[in-house]
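**Student:** Take a look at the following structure, please.
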Amino acid sequence: MDKNIEQAYQIAREKYAEIGVDTEAAMKALEQVPVSMHCWQGDDVGGFENVGGSELSGGIQATGNYPGKARTIDELRSDIEKALLLIPGTHRLNLHASYLENGGTFVDRDEIEPGHFKGWIDWGKGRLHGMDFNPTFFSHAKAADGFTLSHPDQAVRDFWIEHGKRCRTIAAEMGRQFGTTTVTNFWVPDSYKDTPADRVSPRQRLAAALDSCFKDKIDPSVHLDAVESKLFGIGGESYTVGSHEFYMGYAVSRRKLLCLDAGHYHPTEMISEKISSVMMFCPELLLHVSRPVRWDSDHVVCFDDELQQIAKELVRSGQMDKVHIGLDFFDASINRVAAWVIGTRNMVKALLFAMLEPIETLRQAEAEMNFTKRLVMFEELKTMPWSAVWDYYCLRQDVPAGLAWFDEVVQYEKDVLSKR
Ligand code: RNT
Ligand code: ZN
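If you're matching positions, the sequence shown starts at 19 in the working numbering and goes up one per residue.
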């Protein structure tokens with residue numbers, strides 16, 4: 019262990035002890051929290067349904083053309099392995115259905131089976147805490163007019179319902195194989211570019227279609243369903259069928275998980291503010307931690323105010339067992355492995371920062387209406403030596419502290435990515 023990091027940690031430990039915070043307990047708690055890293059940062063959401071990936075549609079966009087994008091499942095796995103080696107803790111992988119292994123023969127969305135994901139599961143065992151899953155309701159001919167589960171044509175809806183059902187079967191198999199619950203997240207792009215004449219019917223169709231998808235009961239210890247709302251997408255600016263109100267109501271009435279994506283609200287609306295309410299009324303919570311810049315731009319997650327607030331809300335809830343933390347960003351303008359590492363390390367770092375909060379003292383000040391003390395403490399906590407605890411945690415978890423992880427990514431780019 020690096021002597022400076024060790025010494026800095028000892029000092030930090032004492033400083034935190036002075037304010038009643040146990041750094042060892044915080045690190046122990048942190049170890050228990052897996053983050054679900056999304057596969058789609060590695061290939062700009064292209065997937066492997068078609069050779070070379072599919073053209074991205076559904077109102078989401080990956081911009082940039084940084085060299086070295088994963089072109090095959092093996093390349094993607096190799097990139098994920100590299101990233102995971104640089105992130106402290108044991109984490110999960112979040113897969114989309116379009117990342118199936120079809121052996122080179124096209125398999126349509128209504129035909130996929132657990133076998134198409136066996137390679138992923140076998141590869142993930144021993145590496146991952148588990149896997150999460152997503153039906154892919156975009157980048158497909160049957161979603162070309164912007165509608166899937168709420169499409170007016172029953173045949174189109176049935177196609178997508180079948181896809182949703184099959185995804186749950188696949189996900190349940192993942193949950194069984196890993197021995198941890200797989201969360202399957204339903205996000206559909208269904209939306210209108212311009213003002214609709216009928217806002218009601220698509221929503222009624224979406225609710226009915228989701229009910230059909232979720233008809234079969236699955237043991238919650240292996241599988242849970244989540245639904246994700248959105249404000250608008252590119253080309254669907256005026257009306258999104260699955261709005262926040264729609265899914266909040268749906269999740270509460272059907273006892274499903276609600277997925278809060280940090281980029282799916284009005285620019286000044288923060289998901290950190292929503293977590294406490296959602297957790298009161300939904301059985302569990304899924305997050306898509308992302309970073310919106312002016313819109314749902316899916317920038318790499320930074321250690322910014324909102325990320326810190328999100329982590330604090332989760333930790334303060336005291337219900338981490340009911341929270342599933344997923345990431346959702348895709349930046350094709352920088353080294354993609356670095357993007358994963360930056361965003362995922364930031365998420366873990368923010369959780370540690372939150373776990374180093376003397377929450378009882380803060381709660382007490384608040385209960386006594388001592389808002390001065392509350393603000394004084396919040397401000398002082400920002401410059402406590404939490405980064406010394408972070409560095410120490412990284413080393414204890416056998417991953418590089420500080421900038422050293424980046425040297426490894428640079429080397430990987432030289433040896434592997436630049437040859438693609
Ligand atoms: C789109 C949603 C959705 C996707 C992924 C790829 O706006 O955020 O979660 O980003 O499913
Ligand atoms: Zn999302």
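From the three backbone atoms N, C-alpha and C, an ideal C-beta is built for every residue, glycine too.
Taking 8 Å as the cut-off, decide whether the C-beta atoms of Leu275 and Tyr265 are in contact.
**Tutor:** By one-based count along the sequence shown, residue 275 stands at place 257. By one-based count along the sequence shown, residue 265 stands at place 247. No, the pair does not count as a contact, with Cβ atoms beyond the cut-off.
**Student:** Ile289 and Leu332: beta carbons closer than 8 Å?
**Tutor:** As a working note, residue 289 is residue 271 in the sequence shown. As a working note, residue 332 is residue 314 in the sequence shown. Taking 8 Å as the Cβ cut-off, Ile289 and Leu332 do not qualify as a contacting pair.
**Student:** May I ask whether a heavy atom of the ligand ZN can be found less than 7 Å away from the beta carbon of Trp58?
**Tutor:** Numbered from 1 along the sequence shown, position 40 holds the residue referred to as residue 58. Answer for Trp58: no, Cβ out of range of the ligand ZN.
**Student:** Answer yes or no: do Pro301 and Arg273 have a C-beta to C-beta separation smaller than 8 Å?
**Tutor:** For the purposes of this step, residue 301 is identified with residue 283 of the sequence shown, where counting begins at 1. For the purposes of this step, residue 273 is identified with residue 255 of the sequence shown, where counting begins at 1. In contact: Pro301 and Arg273 (Cβ atoms closer than 8 Å).
**Student:** Does the distance from the CB of Val318 to the CB of Asp346 come in under 8 Å?
**Tutor:** In the sequence shown, residue 318 corresponds to position 300, counting from 1. In the sequence shown, residue 346 corresponds to position 328, counting from 1. Taking 8 Å as the Cβ cut-off, Val318 and Asp346 do not qualify as a contacting pair.
**Student:** Could you say which of Ala422, Phe371, Glu426 and Lys432 lies nearest to Ala406 if we only look at CA atoms?
**Tutor:** Numbered from 1 along the sequence shown, position 388 holds the residue referred to as residue 406. Closest by alpha carbon: Phe371.
**Student:** Given a cut-off of 8 Å on the beta-carbon distance, is the pair Ala227 and Leu167 in contact?
**Tutor:** Start at 1 with the first residue of the sequence shown, and residue 227 comes out as number 209. Start at 1 with the first residue of the sequence shown, and residue 167 comes out as number 149. Yes, the pair counts as a contact, with Cβ atoms nearer than the cut-off.
**Student:** In terms of residue numbering, what span does the alpha helix (DSSP H) encompassing Thr286 cover?
**Tutor:** On the sequence shown, residue 286 is found 268 positions in, with the first residue counted as 1. Taken as a continuous stretch (DSSP letters only), Thr286 belongs to no alpha helix (DSSP H), as it is neither H nor E.
**Student:** Return the bridge partner residues of Leu303 from the DSSP annotation.
**Tutor:** Position 285 of the sequence shown, counted from the start, is the residue given in the question as residue 303. According to DSSP, Leu303 bridges with Leu276 and Val341.
**Student:** Based on Cα-Cα distance, which residue from Ala269, Met297, Glu255 and Cys231 lies nearest to Tyr283?
**Tutor:** Position 265 of the sequence shown, counted from the start, is the residue given in the question as residue 283. The option with the nearest alpha carbon to Tyr283 is Glu255.
**Student:** Terminal residues of the continuous alpha helix (DSSP H) containing Arg184?
**Tutor:** As a position in the sequence shown, residue 184 is number 166, starting the count at 1. Unbroken alpha helix (DSSP H) run through Arg184: Gln172 to Phe196.
**Student:** Would DSSP call Arg110 helix, strand or coil?
**Tutor:** Position 92 of the sequence shown, counting from 1, holds the residue named residue 110. Strand, per DSSP.
**Student:** Using DSSP bridges, identify the partner residues of Asp243.
**Tutor:** Stepping through the sequence shown from its first residue, residue 243 is reached at position 225. Answer is Thr202, bridged to Asp243.
**Student:** Could you tell me the alpha carbon to alpha carbon distance between Ala173 and Gly182, rounded to whole angstroms?
**Tutor:** Translated into positions along the sequence shown, residue 173 becomes position 155. Translated into positions along the sequence shown, residue 182 becomes position 164. Approximately 14 Å between the Cα atoms of the pair.
**Student:** Starting from Phe389, trace the alpha helix (DSSP H) in both directions and tell me its first and last residue.
**Tutor:** In the sequence shown, the residue the question calls residue 389 occupies position 371. Here the alpha helix (DSSP H) through Phe389 covers Phe389 to Lys400.
**Student:** By Cβ distance, which residues of its chain are closer than 7 Å to His114, with the 5 residues on each side in sequence left out?
**Tutor:** For the purposes of this step, residue 114 is taken as residue 96 along the sequence shown, with counting starting at 1. The residues are Cys57, Trp58, Gly65, Asn152 and Thr154.
**Student:** DSSP three-state call for Tyr27: helix, strand or coil?
**Tutor:** By one-based count along the sequence shown, residue 27 stands at place 9. If DSSP states are grouped into helix, strand and coil, Tyr27 belongs with the helices.
**Student:** Name the DSSP beta bridge partners of Ser209, please?
**Tutor:** For the purposes of this step, residue 209 is identified with residue 191 of the sequence shown, where counting begins at 1. DSSP, once it has assigned bridges, lists Thr258 as partnering Ser209.
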